[in-house]
Amino acid sequence: MATKTDGTEVVEISRMEEGVGADTSSSSSSRSNLRDSFCLSASFVTLVQKLIAEAIGTYFIIFAGCGSVAVNKIYGSVTFPGICVTWGLIVMVMVYSVGHISGGHFNPAVTIAFAIYRRFSWKEVPMYIIAQLLGSILASCTLSAILNVTLQSYFGTVPVGSNGQSLALEIVISFLLMFVISGVATDNRAIGELAGITVGMTITLNVFVAGPISGASMNPARSIGPALVKHVYTGLWVYIIGPIIGTILGGFAYNLIRFTDKPLRELTKSGSFLKSISRNNPA
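Per the working numbering, the very first residue in the sequence shown carries number -10; after that it's consecutive.
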């Protein structure tokens, strides 16, 4: 009897131990799920913060830049050099304000170019572009509500010459913009603290050169927002295709001359030339 009782006790103790083990396993699984949920929610919050930063940054860039154009056309008090400086200053200000949060793209063409050269996640590209377009549309609505914007005082971009001439200019100035951005923002040998100043000065220079002919958009969001709000679609495709082509070429050119310890012949033999450059030169 004693042996039988001892055996029963052993079985009960064993079952209790198994129960404790199951509870412990279940508790660990619950904690793991909670941890995963927290991580997911944290990454979601971070993404939302980035999108808000992009929307706000684009809003104020369009508000200030396009606002200077509209005010100059209506009241004639800003002047063309003032418009050029305004565009450069507002971009510089927003890069320093929220660039550390979202990367300071404010431009669908720049976002696409970064994604192509593996400097940005493709999964976030559509959301960034939506945020940028939303910021541009809201800023255009604000300007339209505050100012008496007529067709003559339209603050969007319309080719003054031919579409081909404006397309060529948009490609060239967008090339320069992305080339500079790639140098100061993605190369760790550059002085990153000067990125905002350098990019702002580049935009000022581009507006001086191309502003009287194409409007110097360099940014599809800058042209799409005003066009949708004021229903002016003349040559809009130029300001969508041109900046995208220009930024892709500008990013490619900088990646081509970016420092690497491998000869070009060896790089071109690999599966992907661009992938090799990206792998050898992390941001």
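No residue lacks a Cβ here, since even glycine has one placed at the ideal position from N, Cα and C.
| query | result |
| --- | --- |
| Uninterrupted alpha helix (DSSP H) stretches inside the stretch 63 to 99 (no shorter than 4 residues) | 69 to 91 |
| Straight-line gap, residue 37 to residue 109 (C-alpha atoms, nearest Å) | 16 Å |
| Alpha helix (DSSP H) segment containing residue 243, residue limits | 227 to 246 |
| Nearest to residue 164 (by Cα), restricted to the options 243, 45 and 58 | 243 |
| Enclosing alpha helix (DSSP H) for residue 159 [first to last residue] | 152 to 174 |
| Coarse secondary structure for residue 46, derived from DSSP in three states | helix |
| Candidates 124, 93, 129 and 114: closest to residue 170 by CA position | 93 |
| For residue 195, the first and last residue of its enclosing alpha helix (DSSP H) | 184 to 203 |
| Collapsed DSSP secondary structure at residue 207 in the structure displayed | coil |
| For residue 132 and residue 52, believed in contact at Cβ under 8 Å, the rounded distance | 7 Å |
| Cα-Cα separation, residue 193 to residue 180 | 20 Å |
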